[in-house]
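A.B. asks: Each protein sequence line maps, in turn, to chains A and B. Here the first sequence is numbered in numbering that gives the first Met the number 0, starting from 0 and rising by one per residue. Here the second sequence is numbered in numbering that gives the first Met the number 0, starting from 0 and rising by one per residue. Cβ coordinates follow ideal geometry from the N, Cα and C atoms, glycine included. I have a structure I would like to understand better, so I am pasting it below and will then ask my questions one at a time.
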Amino acid sequence: MAEIRCPMCGKQNPAEAEVCRFCNARLKPLWADSPSPTPPDHEKARFDGFELPEWLSEESFEPTDEASRDLDSASQPDWLSDLRDDSEDSDWLHRINADEQPELPFNNPPEKLDMLDGLPTSEKLDQETTQTEAESPDEAQKIPDWLLKLKETPPPEPEPFDQEESAPDWFSDLHEDVLSESESLYPPENIPDWFTGIEETGQSISEPEPVEDNGNLPDWLSGVLPPSNKPDSSSEADFPAPIQDASPAMVLATDDDETFETDIADLDLGDGLADTAEKKDRFGADFAWLDEMQLEINQSETTPEEYAAEESFELRESVPDQGDALPDWLSRVSESTGPVSPAFTEEGSPAEIPAAELPYWLKAMRPVAAYNVDGVIERSTSEQAEKSGPLAGLIGALPAEPDISQSPKPPVYSSKLQISDTQKLHAQLFTELIQAEGESKSLPTTPLIKSGSLIRMMIALILYAVVIVSLLSGFPALNLPAISADVNAAHQLAAGAPPGSPVLIAVDYAPGFRAEIEAGLSALTSQLVDQDCHLIFVSSLPTGPIQSAHFVTQGMKLSPQQSLHWTNLGYIPGGAAGLLAFAQDPTRVLPYDANGNQAWADPRMQGFRSLSDLSLVIVATENPDTARTWIEQVRPLLKTTPLMMVVSAQNAPIIRPYYDSYPKQVQGLISGLTAAVEYDTLAGRSGPAGGLWSPFTAALSAITFLILVGAIVNFGLGALARSRSSVRGEGEK
Amino acid sequence: MKNIRLRTPFLMTIAIAFGAVTLLGYFIKIPIITTLRAVLLHWAAILAAVALVIGVLNLLRVHWEKFKKGSSDSFYSLILVISLLITLAISVIFGLTSAFSIWIFNYILIPVEASLVAVLAVALVYTLTRMFSRKVSAINFLFALTVLFILAATATLSWMDFPLARDLRDWVSQVWSLAGARAILIGIALGAIATGLRVLIGADRPYEG
């Protein structure tokens with residue numbers, strides 16, 4: 000007894016029951032008795048000019064299998080099942096669904112549904128084939144000439160696709176897993192007859208074995224078959240040229256063959272049924288039957304659940320790494336492909352199907368089509384073609400290694416530096432410099448006595464020896480120098496000083512030059528003391544007062560009576576200004592002597608109130624600046640009082656211009672020990688200068704000799720060192 | 000900073016006024032200017048003497064501070080301070096020209112300075128001989144030859160005591176050296192004039208410290 004499964008509760012009911020005895024749900028929908036559907040006007044408008052084949056226009060799809068209806072019922076949502084119960088509202092719901100169907104870009108157009116409604120089952124295909132052969136004489140007359148020519152030319156024989164040999168292991172295993180899963184889900188007893196027939200038909204199409212019952216195939220299907228399987232019928236004239244080119248691959252396609260998908264994609268036939276108008280433009284008016292043929296083949300290959308599982312699997316496998324890029328609706332569709340309800344009812348016409356309820360296979364195709372539109376599958380399959388190994392030539396095989404590990408080979412650079420000779424030389428020098436930095440250098444040994452210090456000590460010893468020997472022995476006994484005109488003029492000037500007149504003596508020499516200065520000054524003051532002149536000592540140096548006292552007491556060796564003839568006014572502060580002030584008013588600048596007594600109260604100082612009252616002014620200095628200051632600041636105020644300079648030999652060149660000028664700014668000049676000796680010689684007394692003459696001459700001779708010898712030796716050593724350095728430099732070069 | 004800004008014009012005015020009065024006293028014989036010039040010069044002498052005393056006290060303070068810090072040369076500072084105090088005490092107590100003061104001068108000051116001059120003579124001889132160890136230029140050779148000639152001629156050695164040597168010595172010392180000395184003096188005079196003018200116009204202000 001045949002039973003019907005309730006679409007709502009899923010329980011078995013008698014075949015003649017119209018209402019489920021468990022849930023009272025209607026088992027036979029009311030809309031199944033509706034008249035044959037007619038496409039809407041707007042759908043007809045789309046098919047204007049698109050001539051369908053007769054067999055396709057006349058036939059209507061009549062699902063006969065009960066299992067498909069069960070699947071359809073099971074896959075329908077609850078709300079749809081409830082709607083089915085309300086048969087009275089089906090018409091307005093159909094209209095609402097048709098109107099509110101969202102115009103998604105990848106949704107299947109409603110006209111495709113109408114077109115596919117006429118797809119025959121495999122059984123009807125066999126019957127049609129028989130009828131077509133019977134009508135072949137008439138049909139042969141309708142075959143266009145171009146198709147006949149094409150039929151005469153056999154298409155290229157496709158290479159037999161040995162799935163077991165060419166497919167990789169993982170692919171075979173995957174295929175077996177899918178088949179076993181589908182078998183487990185749909186045991187053979189649950190597979191309806193119509194599906195079995197379709198599966199057998201698909202088996203006969205996909206297998207390369209020759210079809211024995213070629214006479215049962217329709218013309219359109221015989222054109223799809225390869226030449227070996229193609230029946231020798233004139234019905235092949237119905238196939239357009241593009242289909243003939245694509246037919247071998249389509250024939251080779253199996254239920255899980257990706258080649259079929261790829262070829263369909265290459266032909267741009269699987270990118271959605273909404274592109275019907277575009278396909279029509281590309282392939283002509285006979286395009287629509289190709290889509291129908293594709294649908295038929297898909298139906299004959301797998302059950303709806305298997306197909307949905309395969310499509311989901313293919314989608315996941317083809318885009319393994321882009322799951323995140325899939326849109327949400329695509330993911331939902333992929334997940335819901337299992338319980339897709341069949342698109343056809345057993346007695347309902349295609350026009351009765353609401354537009355929103357797409358067939359399962361169409362829903363399953365939607366993500367694939369959408370993905371093909373995006374070009375992801377084409378790109379992924381084309382980019383993953385194996386180039387070597389046992390999988391060479393396969394497209395879409397999983398890569399043995401992740402893409403990230405297939406980085407390009409790094410460029411190989413030469414390890415040899417390309418440098419010039421100059422750069423090599425610089426590098427070598429730099430290396431040697433760095434190595435020399437690391438080496439420890441021995442500290443130069445400092446000699447106990449350096450050569451310079453030793454030579455200086457030797458010079459000093461020689462000079463001391465010469466001076467001491469000369470002082471002690473009086474050797475060498477040299478002649479006294481001849482009296483010069485300068486000394487003679489100075490002697491005449493000192494001799495002109497009136498007796499008892501004040502004579503100003505400026506002691507402005509450093510203690511170190513005492514011997515040289517006091518030799519000449521002693522000779523001069525001895526003459527003045529002999530002439531009973533009053534000696535007045537001043538100084539512009541802080542040490543002047545005590546130096547004057549030392550000169551009077553130690554240098555002149557005055558007798559007690561002579562010691563009363565001198566006055567020590569002390570220190571004149573202020574430098575040039577002090578000297579000028581002293582020259583203008585000496586009593587105001589130096590009111591006291593060096594001992595603190597009233598200097599100008601002394602009766603011997605009564606005749607001295609200004610410098611012009613002096614009979615002679617003597618300046619003893621070794622400093623040219625001091626001598627110049629006296630000449631420039633004091634000399635203008637002296638008026639007729641002569642100015643005499645007793646200077647050292649080193650200061651004589653500076654003072655001489657004032658002495659040689661006209662009128663003379665300096666009237667007398669005694670310079671150095673030589674002039675002192677001359678003055679003593681001229682005065683006819685033996686002063687300290689005479690005793691110093693021999694050591695002085697010996698020391699000068701020794702110095703001259705040392706300089707001469709030292710210059711020659713050093714010149715020779717320097718020349719030898721320069722020659723050695725030049726030879727060493729040439730050797731290094 | 001504010002005091003310096005206020006002080007500078009005041010100091011400039013004083014310096015320029017006093018300098019102008021002193022300078023005019025050289026050229027213009029007006030009793031007022033001459034008297035004023037003499038007063039200013041007397042003040043300068045007194046200020047210089049006070050400055051000398053202040054300098055001595057400052058020297059004493061600085062070296063005393065160095066001695067208290069205990070630096071490496073504090074010993075020399077101590078010697079200086081002690082010597083200064085002893086000399087000052089002897090000069091104040093016994094007089095500036097007393098026998099003690101003369102003894103200090105005769106046996107400390109004169110030998111020290113004479114030794115410096117003697118060392119200078121040895122150093123000059125050594126330097127002149129080392130000059131020939133390097134490459135001798137014409138100028139260096141002429142300088143060394145002149146020095147040797149002057150020394151030998153000044154020494155009036157017997158083998159150098161002949162008329163040609165004496166004339167050559169006088170020609171060198173009284174012509175060449177006199178020309179050089181005059182040039183030096185002229186340069187000094189020009190420099191002194193320029194310095195004086197700069198002080199008078201306020202370009203140089205050495206009194207600002």
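Closest to R655 (chain A) by CA distance: which of A:A363, A:Q434, A:P443 and A:A484 is it?
C.D. replies: Here residue 655 (chain A) is taken as the residue at index 656 of the first sequence, counted from 1. The residue with the shortest Cα to Cα distance from R655 (chain A) is A:A484.
A.B. asks: A178 (chain B) to S647 (chain A), Cα distance in whole Å?
C.D. replies: In the second sequence, counting from the first residue as 1, residue 178 (chain B) sits at position 179. In the first sequence, counting from the first residue as 1, residue 647 (chain A) sits at position 648. Their backbone Cα atoms lie some 19 angstroms apart in a straight line.
A.B. asks: Have a look at A:R634, A:G595 and A:V618 and flag the residue whose alpha-carbon is nearest the alpha-carbon of S609 (chain A).
C.D. replies: In the first sequence, the residue the question calls residue 609 (chain A) occupies position 610. It is A:R634.
A.B. asks: Going straight from the alpha carbon of R25 (chain A) to that of E291 (chain A), what length do you get?
C.D. replies: In the first sequence, residue 25 (chain A) corresponds to position 26, counting from 1. In the first sequence, residue 291 (chain A) corresponds to position 292, counting from 1. Cα-Cα distance, rounded: 32 angstroms.
A.B. asks: Does the separation of the CB atoms of A710 (chain A) and L462 (chain A) fall below 7 angstroms?
C.D. replies: One-based indexing of the first sequence puts residue 710 (chain A) at position 711. One-based indexing of the first sequence puts residue 462 (chain A) at position 463. Taking 7 angstroms as the Cβ cut-off, A710 (chain A) and L462 (chain A) do not qualify as a contacting pair.
A.B. asks: Would you say H62 (chain B) lies against chain A (beta-carbon separation less than 7 angstroms)?
C.D. replies: Sequence index remark: in the second sequence, residue 62 (chain B) carries index 63 (1-based). For H62 (chain B), the answer is no, since every Cβ of chain A falls outside 7 angstroms of its Cβ.
A.B. asks: D679 (chain A) and G690 (chain A) look like a contact to me (Cβ under 8 angstroms); what is the Cβ gap, rounded to whole Å?
C.D. replies: Working through the first sequence from its first residue, we reach residue 679 (chain A) at position 680. Working through the first sequence from its first residue, we reach residue 690 (chain A) at position 691. Not really, about 10 angstroms apart at Cβ, beyond 8 angstroms.
A.B. asks: For L462 (chain A), which residues in chain B fall below 9 angstroms Cβ to Cβ?
C.D. replies: Walking along the first sequence from the start, residue 462 (chain A) turns up at place 463. Going along chain B in sequence order, the residues near L462 (chain A) (Cβ under 9 angstroms) are A117, A120, V121 and V124.
A.B. asks: Report all residues from its chain with a CB closer than 7 angstroms to the CB of R36 (chain B); omit the five preceding and five following residues, and keep chain order.
C.D. replies: Taking the first residue of the second sequence as position 1, residue 36 (chain B) is located at position 37. These residues qualify, in order along the chain: V20, T21 and G24.
A.B. asks: I need the straight-line Cα distance from M364 (chain A) to A355 (chain A), nearest angstrom please.
C.D. replies: In the first sequence, the residue the question calls residue 364 (chain A) occupies position 365. In the first sequence, the residue the question calls residue 355 (chain A) occupies position 356. Looking at the two C-alpha atoms, the distance is approximately 15 angstroms.
A.B. asks: Taking the C-alpha atoms as reference points, what is the distance between S611 (chain A) and D529 (chain A)?
C.D. replies: As a working note, residue 611 (chain A) is residue 612 in the first sequence. As a working note, residue 529 (chain A) is residue 530 in the first sequence. Those two C-alpha atoms are separated by around 22 angstroms.
A.B. asks: What are the residues in the segment 76-99 of chain B lying within 9 angstroms of chain A by C-beta distance?
C.D. replies: Against chain A - using a Cβ distance shorter than 9 angstroms - the residues of the segment 76-99 of chain B are S90, G94, L95, T96, S97 and A98.
A.B. asks: If we count the other Cβ atoms within 10 Å of its Cβ and call it buried at 16 or more, is Y412 (chain A) buried or exposed?
C.D. replies: If you number the first sequence from 1, residue 412 (chain A) lands on position 413. Result: exposed.
A.B. asks: What is the DSSP secondary structure of E2 (chain A), reduced to helix, strand or coil?
C.D. replies: The count along the first sequence starts at 1 and reaches residue 2 (chain A) at position 3. Three-state DSSP puts E2 (chain A) in a strand.
A.B. asks: Scan the segment 54-126 of chain B and note each continuous alpha helix (DSSP H) run of 4 residues or more that stays entirely inside, going in chain order.
C.D. replies: Runs of the alpha helix (DSSP H) inside the segment 54-126 of chain B: 73-93 and 98-103.
A.B. asks: When you compare only the Cα positions, how much space is there between A619 (chain A) and E207 (chain B)?
C.D. replies: Along the first sequence, read from residue 1 onward, the residue named residue 619 (chain A) stands at position 620. Along the second sequence, read from residue 1 onward, the residue named residue 207 (chain B) stands at position 208. Taking the straight line from one Cα to the other gives about 35 angstroms.
A.B. asks: Which term fits Y125 (chain B), buried or exposed, when burial requires 16 or more other beta carbons within 10 angstroms of its beta carbon?
C.D. replies: Residue numbering aside, residue 125 (chain B) sits at position 126 when the second sequence is read from its first letter. Y125 (chain B) should be labelled buried.
A.B. asks: Rounded to whole angstroms, what is the Cα-Cα separation between L615 (chain A) and T586 (chain A)?
C.D. replies: Here the question's residue 615 (chain A) lines up with position 616 in the first sequence. Here the question's residue 586 (chain A) lines up with position 587 in the first sequence. Near 18 angstroms, if we compare the C-alpha coordinates of T586 (chain A) and L615 (chain A).
A.B. asks: CB T640 (chain A) to CB L613 (chain A), shorter than 7 angstroms?
C.D. replies: For the purposes of this step, residue 640 (chain A) is identified with residue 641 of the first sequence, where counting begins at 1. For the purposes of this step, residue 613 (chain A) is identified with residue 614 of the first sequence, where counting begins at 1. Result yes, Cβ atoms of T640 (chain A) and L613 (chain A) sit closer than 7 angstroms.
A.B. asks: Just verifying my parser: in three-state terms, what is the DSSP assignment at G9 (chain A)?
C.D. replies: Indexing the first sequence from 1 puts residue 9 (chain A) at position 10. Here G9 (chain A) sits in coil by DSSP.
A.B. asks: Apart from the five residues on each side of it in sequence, which residues of its chain come closer than 6 angstroms, Cβ to Cβ, to P501 (chain A)?
C.D. replies: Position 502 of the first sequence, counted from the first residue, corresponds to residue 501 (chain A). Counting only Cβ-Cβ distances below 6 angstroms, and skipping sequence neighbours, we find H533, I535, F607 and L613.
A.B. asks: Assuming A598 (chain A) and P590 (chain A) form a contact by the criterion Cβ under 8 angstroms, report the distance between their Cβ atoms to the nearest whole angstrom.
C.D. replies: As a position in the first sequence, residue 598 (chain A) is number 599, starting the count at 1. As a position in the first sequence, residue 590 (chain A) is number 591, starting the count at 1. A598 (chain A) to P590 (chain A), Cβ: 7 angstroms. Contact.
A.B. asks: Excluding five sequence neighbours on each side, which residues of the same chain lie with their C-beta closer than 6 angstroms to the C-beta of V465 (chain A)?
C.D. replies: Along the first sequence, read from residue 1 onward, the residue named residue 465 (chain A) stands at position 466. If we look at V465 (chain A) and ignore the five residues flanking it on each side, its Cβ neighbours are A697, A698 and A701.
A.B. asks: Let me make sure I understand the geometry here. Which of A:W692, A:W629, A:V712 and A:A575 has the alpha-carbon closest to that of A43 (chain B)?
C.D. replies: Counted from its first residue, the second sequence places residue 43 (chain B) at position 44. Nearest of A:W692, A:W629, A:V712 and A:A575 to A43 (chain B), Cα basis: A:A575.
A.B. asks: Bridge partners for N567 (chain A) per DSSP, in chain order?
C.D. replies: As a working mapping, residue 567 (chain A) is identified with position 568 in the first sequence. According to DSSP, N567 (chain A) bridges with A:F536.
A.B. asks: Give me the Cβ distance between A505 (chain A) and V537 (chain A), rounded to the nearest whole Å; I'm assuming they're in contact under 8 angstroms.
C.D. replies: Within the first sequence, numbered from 1, the residue matching residue 505 (chain A) stands at position 506. Within the first sequence, numbered from 1, the residue matching residue 537 (chain A) stands at position 538. 6 angstroms between Cβ atoms; contact.
A.B. asks: Is the segment 539-553 of chain A touching the segment 712-724 of chain A in the sense that three or more CB pairs, one from each, lie closer than 8 angstroms?
C.D. replies: Output reads no: the segment 539-553 of chain A does not touch the segment 712-724 of chain A.
A.B. asks: Between the beta-carbon of I458 (chain A) and the beta-carbon of V121 (chain B), is there less than 7 angstroms?
C.D. replies: Residue mapping note: residue 458 (chain A) aligns to position 459 of the first sequence, counting from 1. Residue mapping note: residue 121 (chain B) aligns to position 122 of the second sequence, counting from 1. Result yes, Cβ atoms of I458 (chain A) and V121 (chain B) sit closer than 7 angstroms.
A.B. asks: Please list the partners that V588 (chain A) has in chain B, where partner means a Cβ-to-Cβ separation under 7 angstroms.
C.D. replies: Counting from 1 along the first sequence, the entry for residue 588 (chain A) is found at position 589. Near V588 (chain A) (Cβ distances below 7 angstroms), the residues of chain B are H41 and A44.
A.B. asks: Just to confirm the assignment, what range does the alpha helix (DSSP H) spanning M457 (chain A) have?
C.D. replies: As a first step, residue 457 (chain A) must be located in the first sequence, where it is residue number 458. Element bounds for M457 (chain A): S450 to S472.
A.B. asks: Expressed to the nearest angstrom, what Euclidean distance is found between the alpha-carbon atoms of S724 (chain A) and P443 (chain A)?
C.D. replies: For the purposes of this step, residue 724 (chain A) is taken as residue 725 along the first sequence, with counting starting at 1. For the purposes of this step, residue 443 (chain A) is taken as residue 444 along the first sequence, with counting starting at 1. When rounded, the distance between both Cα atoms is 20 angstroms.
A.B. asks: With three or more beta-carbon pairs closer than 8 angstroms as the criterion, would you say the segment 76-85 of chain B touches the segment 56-66 of chain B?
C.D. replies: Yes, the segment 76-85 of chain B is in contact with the segment 56-66 of chain B.
A.B. asks: Answer yes or no: does any C-beta atom of chain A fall closer than 7 angstroms to that of F17 (chain B)?
C.D. replies: Looking up residue 17 (chain B) in the second sequence gives position 18. Cβ-Cβ to chain A under 7 angstroms: no for F17 (chain B).
A.B. asks: Chain A partners of E112 (chain B), CB-CB under 9 angstroms?
C.D. replies: On the second sequence, position 113 is the one that residue 112 (chain B) refers to. Within 9 angstroms Cβ-Cβ: A509, P510, G511, F512 and R513.
A.B. asks: Using beta carbons (cut-off 7 angstroms, strictly below), is I109 (chain B) in contact with chain A?
C.D. replies: As a position in the second sequence, residue 109 (chain B) is number 110, starting the count at 1. True, the Cβ-Cβ gap to chain A drops below 7 angstroms.
A.B. asks: For chain D, find out if any of its Cβ atoms is closer than 7 angstroms to the Cβ of T128 (chain B); answer yes or no.
C.D. replies: Looking for chain D here will not work: the only protein chains present are A and B.
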